[in-house]
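Worksheet: the structure to be examined is printed underneath.
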Amino acid sequence: MPVVPEHQGPAGPHVEPAGALAGEADGFERLWTPHRLAYIKGESKPSDPDDAQQCPFCRARTIDDAEGLVVHRGETCFVVMNLFPYNPGHLLICPYRHVSLYVDLTAEELAEFTQLTLAALRTLTAASAPAGFNVGMNQGAVAGAGIAAHLHQHVVPRWQGDANFLPVVGRTKALPELLEDTRRRLAQAWPGDTDGNGTT
Numbered sequence: 001m002p003v004v005p006e007h008q009g010p011a012g013p014h015v016e017p018a019g020a021l022a023g024e025a026d027g028f029e030r031l032w033t034p035h036r037l038a039y040i041k042g043e044s045k046p047s048d049p050d051d052a053q054q055c056p057f058c059r060a061r062t063i064d065d066a067e068g069l070v071v072h073r074g075e076t077c078f079v080v081m082n083l084f085p086y087n088p089g090h091l092l093i094c095p096y097r098h099v100s101l102y103v104d105l106t107a108e109e110l111a112e113f114t115q116l117t118l119a120a121l122r123t124l125t126a127a128s129a130p131a132g133f134n135v136g137m138n139q140g141a142v143a144g145a146g147i148a149a150h151l152h153q154h155v156v157p158r159w160q161g162d163a164n165f166l167p168v169v170g171r172t173k174a175l176p177e178l179l180e181d182t183r184r185r186l187a188q189a190w191p192g193d194t195d196g197n198g199t200t
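Residue 181 in our numbering sits at position 181 of the sequence shown, with consecutive numbering throughout.
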């Protein structure tokens, strides 16, 4: 009998039998991603993007690594999981300072930003064996930045066949691992990590 998710919990989706629901059984399995629609509607976006108090990246750096999905903390920059990933292991490299442009980084921030990008590529390669990567940033809302006020660089692992009809037609991405599990696995695999929590 087909099942549909009731709600998403920390251990994954809770399911209920679909036999009592309206509709004709068609043999298709259903994948429900209500969290993605919430983001599309703007529920997780700051109402004032220039206000550092509302910035999710500024908030992530001030809370517990597991709660903030922080994989690694450096001196001037940190690495965080994307809450709405394109693929499993989608990381964001962010400066601690609330700046919007790459040219606003200091020499120290720029050096660590680059070092953390390289470390992210190495960590993802060792932990997940992707076939390739997309690495880049969107500067400004007009360029596609979801949170334009705080600079962040995307590091997206790619596998052969990972882009199919589902994200293109259904605007849905199937992820085989919970974010907190991915965060823990990558934090433990981070180069030089001595405590397994993403810090050295």
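C-beta: ideal position from N, C-alpha, C; glycine also.
Spanning the alpha carbons of Met137 and Leu151 requires a straight line of approximately 8 Å. Out of Asp51, Tyr96 and Asn87, the CA that lies nearest to the CA of Ala60 is found in Tyr96.
When the Cα atoms are used, Val135 and Pro157 turn out to be separated by approximately 9 Å. Where Gly132 is concerned, the enclosing beta strand (DSSP E) starts and stops at Gly132 to Gly136.
Sixteen is the threshold: when 16 or more other Cβ atoms of the shown chains lie within 10 Å of the Cβ of Trp190, as they do, the residue is buried. Here the region 75-93 lies against the region 106-113, with 3 or more beta-carbon pairs under 8 Å apart. By the CB criterion at 8 Å, Val71 and Leu175 fall outside the cutoff. In the DSSP assignment, Gln115 falls within the alpha helix (DSSP H) that extends over Ala107 to Ser128.
Between the alpha carbons of Gly146 and Arg184 lies a gap of roughly 25 Å. Annotation: Cys77 is outside any alpha helix (DSSP H); the continuous beta strand (DSSP E) that includes it extends over Cys77 to Met81. Following the DSSP letters along the chain, one finds Cys58 inside the alpha helix (DSSP H) bounded by residues Pro56 to Ala60.
Each residue's CA atom was taken as its position, placing His154 and Met81 some 10 Å apart. Here DSSP, grouped into helix, strand and coil, assigns Arg185 to helix.
Scanning the region 79-103 for uninterrupted beta strand (DSSP E) segments of 3 residues or longer gives 91-95, listed from N- to C-terminal end. Gln53 carries a helical assignment under DSSP once its states are collapsed to helix, strand and coil.
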